[in-house]
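Have a look at the structure below, then the notes.
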């Protein structure tokens, strides 16, 4: 009886229509081949191609394209060419965030990048994964994705890889080449493969002491308080 039921299930199963974009966001096992999913990824691929092949001096067109690639909740930000983003609609980037060359964002689940965050060149934000123990299921094409969140003012050095389900706190610093597989708390300085917290910021180590006298600590910001100027 159980074998008969098993066969009936397989007869009625249509892998081409099984999964939806909502399944991806809800962290469900899915097959990324439905018409809805393919339409989204193909649309984004075309827009990303246009973005990467637009002259860097054409800032108006770049901004227009970015608005159509990222989620509607995204704010004014900078992403250097070239970039790779898979879905786009699942990526939200905060105000004045800066993302350097060759970023790869596999946003099968939601990716949130906070305001004023900095992401170095060749970083990878990967939300999607496959079965590890079940080789037969893996060969069947199943995927699952978990969201990534990067806090306001966080900084990822060059070549950082962030794995599915990871949250990186506000003002956190991730050393170049690190692989982040676990959450990193606010303000922490972490590095390694896998990344581990090595210390917290120390006033004794503030680099502002190296600035020439009279230079503003906040640099590019136009509004500078008098107490933010080196003495």
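Numbering (the UniProt record's numbering), first residue to last: 1 to 231.
Ideal Cβ placement from N, Cα and C applies to all residues, glycine included.
May I ask you to list the residues that DSSP assigns as paired with residue i?
{"i": "residue 26", "result": "BP columns for residue 26 are empty, so no partner."}
{"i": "residue 191", "result": "196"}
{"i": "residue 124", "result": "104 and 161"}
{"i": "residue 180", "result": "162"}
{"i": "residue 155", "result": "118 and 173"}
{"i": "residue 143", "result": "30"}
{"i": "residue 167", "result": "149"}
{"i": "residue 20", "result": "Per DSSP, none; premise fails for residue 20."}
{"i": "residue 13", "result": "Answer is none; residue 13 lacks a bridge partner."}
Got a sec, what are the start and stop residues for the beta strand (DSSP E) residue i sits in?
{"i": "residue 105", "result": "103-106"}
{"i": "residue 243", "result": "Look at the range of the chain in this structure, 1 to 231, and you will see that residue 243 is not part of it."}
{"i": "residue 150", "result": "148-150"}
{"i": "residue 199", "result": "196-199"}
{"i": "residue 113", "result": "111-113"}
{"i": "residue 85", "result": "83-85"}
{"i": "residue 93", "result": "91-93"}
Suppose the cutoff is 7 Å on Cβ atoms and the five residues either side in sequence are ignored; what does the same chain contact list for residue i look like?
{"i": "residue 188", "result": "169, 172, 197 and 200"}
{"i": "residue 69", "result": "44, 47, 48, 51, 85 and 88"}
{"i": "residue 146", "result": "27, 109, 127, 164 and 165"}
{"i": "residue 137", "result": "131"}
{"i": "residue 40", "result": "21, 87 and 89"}
Using a Cβ-Cβ cut-off of 9 Å, state whether residue i counts as contacting chain D.
{"i": "residue 98", "result": "The structure shown has no chain D; it contains just one protein chain."}
Does the Cβ of residue i have 16 or more other Cβ atoms within 10 Å, making it buried, or fewer, making it exposed?
{"i": "residue 191", "result": "buried"}
{"i": "residue 210", "result": "exposed"}
{"i": "residue 53", "result": "exposed"}
{"i": "residue 206", "result": "exposed"}
{"i": "residue 23", "result": "buried"}
{"i": "residue 195", "result": "buried"}
{"i": "residue 214", "result": "exposed"}
{"i": "residue 18", "result": "exposed"}
{"i": "residue 132", "result": "exposed"}
{"i": "residue 73", "result": "exposed"}
{"i": "residue 141", "result": "exposed"}
{"i": "residue 66", "result": "buried"}
{"i": "residue 219", "result": "exposed"}
Keeping to the same chain, check which residues put their C-beta closer than 8 Å to that of residue i; ignore five residues upstream and five downstream.
{"i": "residue 143", "result": "29, 30, 31, 32, 108, 128, 129 and 130"}
{"i": "residue 151", "result": "114, 117, 167, 168, 169, 170, 171, 172 and 186"}
{"i": "residue 56", "result": "62 and 81"}
{"i": "residue 95", "result": "75, 76, 77, 115 and 116"}
{"i": "residue 154", "result": "114, 117, 118, 168, 169, 170, 171, 172, 173 and 174"}
Sorted by chain position, which residues of the same chain lie with C-beta nearer than 6 Å to residue i's C-beta, five sequence neighbours on each side aside?
{"i": "residue 112", "result": "92 and 149"}
{"i": "residue 235", "result": "Nothing can be reported for residue 235, as the shown portion of the chain is limited to 1 through 231."}
{"i": "residue 185", "result": "169"}
{"i": "residue 89", "result": "71"}
{"i": "residue 83", "result": "103"}
{"i": "residue 177", "result": "159"}
{"i": "residue 123", "result": "103, 156 and 160"}
{"i": "residue 125", "result": "105, 111, 148 and 162"}
{"i": "residue 175", "result": "157 and 191"}
{"i": "residue 79", "result": "99"}
Starting from residue i, follow the alpha helix (DSSP H) in both directions and report where the run begins and ends.
{"i": "residue 69", "result": "59-69"}
{"i": "residue 136", "result": "135-139"}
Sorry if obvious, but does the Cβ on residue i come closer than 8 Å to a heavy atom of the ligand NAD?
{"i": "residue 40", "result": "Questions concerning the ligand NAD fall outside what the structure shown contains, since it holds no ligand whatsoever."}
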